[in-house]
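See below for the structure under consideration.
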Amino acid sequence: MTDESVSLAVARYSMRRDLGDLAELTGMPGSDISVDRLAASMVGEAEQLFMELIGDAITAFGTDKGSKTTALSVDDWFDAIAALQSAGNTGGVYALINPAQLGNLQSSIRGEAGAIQFVPATQDQLAFHGAGFAGMFAGVNIYTSNQLEAALGGYDGGMWAEGCIGYAEAAPMISMGATQRQAASPVVVEFQRDASKALTEVVGHYYVGASIIQDTMGVGLLSTT
Numbered sequence: 000m001t002d003e004s005v006s007l008a009v010a011r012y013s014m015r016r017d018l019g020d021l022a023e024l025t026g027m028p029g030s031d032i033s034v035d036r037l038a039a040s041m042v043g044e045a046e047q048l049f050m051e052l053i054g055d056a057i058t059a060f061g062t063d064k065g066s067k068t069t070a071l072s073v074d075d076w077f078d079a080i081a082a083l084q085s086a087g088n089t090g091g092v093y094a095l096i097n098p099a100q101l102g103n104l105q106s107s108i109r110g111e112a113g114a115i116q117f118v119p120a121t122q123d124q125l126a127f128h129g130a131g132f133a134g135m136f137a138g139v140n141i142y143t144s145n146q147l148e149a150a151l152g153g154y155d156g157g158m159w160a161e162g163c164i165g166y167a168e169a170a171p172m173i174s175m176g177a178t179q180r181q182a183a184s185p186v187v188v189e190f191q192r193d194a195s196k197a198l199t200e201v202v203g204h205y206y207v208g209a210s211i212i213q214d215t216m217g218v219g220l221l222s223t224t
């Protein structure tokens with residue numbers, strides 16, 4: 000029996016948006032920017048950050064399929080699945096790729112003969128899987144994010160089995176000041192008034208960290224831009 004451990008470092012990420020009194024005064028009631036809307040948008044920004052952290056983590060996979068000189072193809076996809084199966088992985092399989100990679104994969108699927116099919120996400124699936132879910136192909140749940148930016152002429156996507164990546168979140172109790180916690184979200188939003196500048200500061204706090212737990216449960220998906 001072999002014992003291994005992984006350390007997850009939780010860091011604080013924050014975003015601040017300022018809303019001036021003049022903007023609120025001249026805005027359309029109920030349909031323009033407001034303090035409440037800025038606070039609610041912090042949750043979406045946190046989801047984008049989470050995708051970025053996962054994207055950073057999967058660049059460290061020890062095994063890669065595809066190349067930064069070619070577009071992502073069906074062959075690359077099945078090579079990645081085979082690598083996970085050969086390593087004895089079971090359970091759900093997930094992938095995070097850039098939208099451009101998904102477009103290339105779909106083009107490759109259309110060029111294949113046979114009964115293989117990409118299944119796009121339905122409205123119910125989006126509600127269940129969350130932001131970024133694009134659909135399924137060959138039993139793999141696919142997520143896309145623009146947070147996977149190009150590096151060295153290509154994209155570093157990834158495919159992994161359930162349990163490969165771990166993350167930790169924390170939501171501190173802020174005892175002073177005006178705060179708001181969005182439902183089912185660890186994001187804490189704090190409000191601060193700057194009377195001398197006639198504006199309200201909306202600050203979102205997100206404490207999170209992500210890391211690869213077991214490298215043999217994941218494969219990088221490389222492709223050109």
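Numbering (numbering that gives the first Met the number 0), first residue to last: 0 to 224.
Each residue gets a CB set at the ideal place from its N, CA and C atoms; glycine is no exception.
Boundaries (first-last residue) of the beta strand (DSSP E) holding residue i
| i | result |
| --- | --- |
| Ala56 | Element bounds for Ala56: not the beta strand (DSSP E) but the alpha helix (DSSP H), 34–57. |
| Thr224 | Note, Thr224: premise wrong, no beta strand (DSSP E); not H, not E. |
| Leu198 | 198–211 |
| Asn140 | 139–143 |
| Gly65 | 63–65 |
| Gln105 | Unbroken run through Gln105 is the alpha helix (DSSP H), 98–109; no beta strand (DSSP E). |
| Asp193 | 187–193 |
| Asp155 | 153–160 |
| Ile164 | 164–169 |
| Met135 | 132–136 |
| Gln181 | Note, Gln181: premise wrong, no beta strand (DSSP E); not H, not E. |
Outcome for residue i when other beta-carbon atoms lying within 10 angstroms are tallied against a minimum of 16
| i | result |
| --- | --- |
| Met158 | buried |
| Asn103 | buried |
| Asn145 | exposed |
| Gly217 | buried |
| Met27 | exposed |
| Asp155 | buried |
| Glu160 | Position check: residue 160 holds Ala in this sequence, whereas Glu was assumed. Buried, by the Cβ-count rule. |
| Leu71 | buried |
| Leu151 | exposed |
| Gly203 | buried |
| Leu37 | buried |
| Val92 | buried |
Residue j beta carbon less than 8 Å from that of residue i
| i | j | result |
| --- | --- | --- |
| Gly208 | Ala10 | yes |
| Ser85 | Gly153 | no |
| Gln213 | Gly162 | yes |
| Pro171 | Val186 | no |
| Val34 | Phe190 | yes |
| Leu95 | Gly129 | no |
| Gly219 | Ile80 | no |
| Ser184 | Leu7 | no |
| Pro230 | Thr143 | As shown, the chain starts at 0 and ends at 224. That puts residue 230 outside it, with no answer to give. |
| Ile141 | Leu101 | yes |
| Glu51 | Met14 | no |
| Asp78 | Lys67 | no |
| Gly134 | Ala120 | yes |
| Val73 | Glu111 | yes |
| Ala169 | Tyr206 | yes |
| Trp76 | Phe136 | yes |
N-terminal and C-terminal residue of the alpha helix (DSSP H) that residue i is part of
| i | result |
| --- | --- |
| Ile115 | Neither: Ile115 is in no alpha helix (DSSP H) and is coded neither H nor E. |
| Asp75 | 73–85 |
| Asp123 | 122–128 |
Legend entry - Whole runs of the alpha helix (DSSP H) within the region 5–34, excluding any shorter than 4 residues: 20–25
Inset, instruction - Check whether the region 191–199 touches the region 18–28, counting contact only when three or more Cβ pairs, one atom from each stretch, lie closer than 8 Å. - result: yes
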